[in-house]
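Worksheet: the structure to be examined is printed underneath.
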Amino acid sequence: MTRPDPAAPLPHPVVDCHCHMDMAYGDEPVRSLAETMERSAAVGVTRVVQVGCDITTSRWAVAASAEREDVVATVALHPNEAPRVYAEQGVAALQEQWAEIAELAQAPRVRAIGETGLDFFRTGPEGREVQEESFRVHIRLANDLGLPLMIHDRDAHDDVVRVVLDEGAPETVVFHCFSGDESLASVCAEHGWYASFAGTVTYKNADGIRAALRAMPAHLILTETDAPFLPPMPYRGQVNASELMPLTVRSMAEQRGEELAAFCEQVQANAFAAFGQW
Ligand SMILES: [Zn+2]
Ligand SMILES: [Zn+2]
-13 MTRPDPAAPL
-3 PHPVVDCHCH
7 MDMAYGDEPV
17 RSLAETMERS
27 AAVGVTRVVQ
37 VGCDITTSRW
47 AVAASAERED
57 VVATVALHPN
67 EAPRVYAEQG
77 VAALQEQWAE
87 IAELAQAPRV
97 RAIGETGLDF
107 FRTGPEGREV
117 QEESFRVHIR
127 LANDLGLPLM
137 IHDRDAHDDV
147 VRVVLDEGAP
157 ETVVFHCFSG
167 DESLASVCAE
177 HGWYASFAGT
187 VTYKNADGIR
197 AALRAMPAHL
207 ILTETDAPFL
217 PPMPYRGQVN
227 ASELMPLTVR
237 SMAEQRGEEL
247 AAFCEQVQAN
257 AFAAFGQW
């Protein structure tokens, strides 16, 4: 496992709308928050949304957002985490954790509830009922607090859309690491939901995602890394970081036939519209 060199700087600042700066990938040690942010700012990725996936990482995200002005937080139990807690510790423990997420969500710089959603890739049929219930709990929390909903959707497009509409969509909905094609893009466009594109949009087999990117209205496009996972080409399989996001942003601007600086300006404005200014 290796860390690629940082990408060439962008001509205008952008936001990494989904990142896990606290997570290790392979045997590569985690960098300090300060070093990660300094390196990413040097290439124009000046702000980061730090995402929670369980109690520990949600607490970490809140602490990071309290420590640094360029970081805001999200909190949630990941769709693979809720069934795990339920299977290993039972329903009372899961309910306790939902309650703690609701408490953490009150912190001043929490800007979304997520990542939550459905993941039919890593959670089998035995965990799906709990997964959907946990998703519903998170949607209700986002609605109660008036916060955006940050969705993790893996192999579950139709069910994600069904559950969101059934619960009532929060005012702001973001599909993180957008993995749909033009048909999901048109559902997002119809409802005014954001599609946040990660390094996967640069992968060879991602024609469907690129078609979705071209089809999305400009004001609903976000950019993210999901670091330390899913680095853009040519670094697939290595350790990702916000400092590599310029590769994704350049590729996206090219796909859409847009001038790079103008595209950066647009996606940064979209990030502020979705999560608020910081
Ligand atoms: Zn995810
Ligand atoms: Zn993530």
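Once you know that position 267 of the sequence shown is 253 in our numbering, the rest is easy, because the numbers rise by one and skip nothing. Positions of the beta carbon are idealized from the N, C-alpha and C atoms, including for glycine. The structure displayed is predicted, hence computed values, not measured ones.
What's the C-alpha gap between residue i and residue j?
i    : j     : result
P156 : V173  : 15 Å
G166 : F249  : 21 Å
H4   : V34   : 7 Å
M7   : A79   : 27 Å
V48  : A93   : 7 Å
N129 : V96   : 14 Å
V150 : N256  : 21 Å
N66  : D(-9) : 31 Å
E115 : H64   : 14 Å
F121 : A50   : 25 Å
T32  : V57   : 9 Å
E24  : T43   : 21 Å
V1   : G243  : 21 Å
N191 : A197  : 12 Å
A175 : T211  : 22 Å
G178 : H124  : 20 Å
A62  : P(-5) : 32 Å
If you follow the beta strand (DSSP E) that residue i is in, where does it begin and where does it stop?
i    : result
E101 : V96 to D105
L135 : L135 to R140
V57  : V57 to V61
A181 : Y180 to F183
Q36  : V31 to Q36
C3   : V0 to C5
T209 : I207 to T209
V160 : V159 to H162
Among the candidates the options, whose CA atom is the shortest distance from the CA of residue i?
i    : options                   : result
Y286 : K190, G76 and V159        : Since the first residue shown for the chain is -13 and the last is 264, residue 286 is missing from the structure and cannot be characterised.
D152 : E119, R108 and L19        : E119
H143 : S169, I125 and G132       : S169
F161 : L199, N191 and D193       : L199
V37  : L230, A213 and F258       : A213
V253 : L230, Q241, V235 and A28  : V235
V71  : S237, Q117 and A184       : Q117
M9   : E245, S228, S237 and Q241 : S228
G76  : H205, G223 and G113       : G113
With residue i as the anchor, note down where its alpha helix (DSSP H) starts and where it stops.
i    : result
T43  : I41 to E53
C174 : E168 to H177
H124 : R114 to L131
H143 : H143 to E153
T22  : L19 to A27
L199 : D193 to A201
F261 : L246 to F261
M9   : First-last for M9: undefined, no H or E at that position.
M238 : M231 to R242
L80  : V77 to L90
Check whether chain B comes within 9 Å of residue i, counting only Cβ atoms and requiring the distance to be less than that.
i    : result
A128 : This model lacks chain B altogether; it includes just one protein chain.
Does ligand 4 have a heavy atom nearer than 8 Å to the CB of residue i?
i    : result
H124 : Questions concerning ligand 4 fall outside what the structure shown contains, since the ligands it does hold are ligand 1 and ligand 2.
Worksheet item: So does the stretch 129 to 145 actually touch the stretch 96 to 107, counting three or more Cβ pairs closer than 8 Å?
Response: yes
Worksheet item: Listed in chain order, which residues are found with a beta carbon closer than 5 Å to a heavy atom of ligand 1?
Response: E101 and H138
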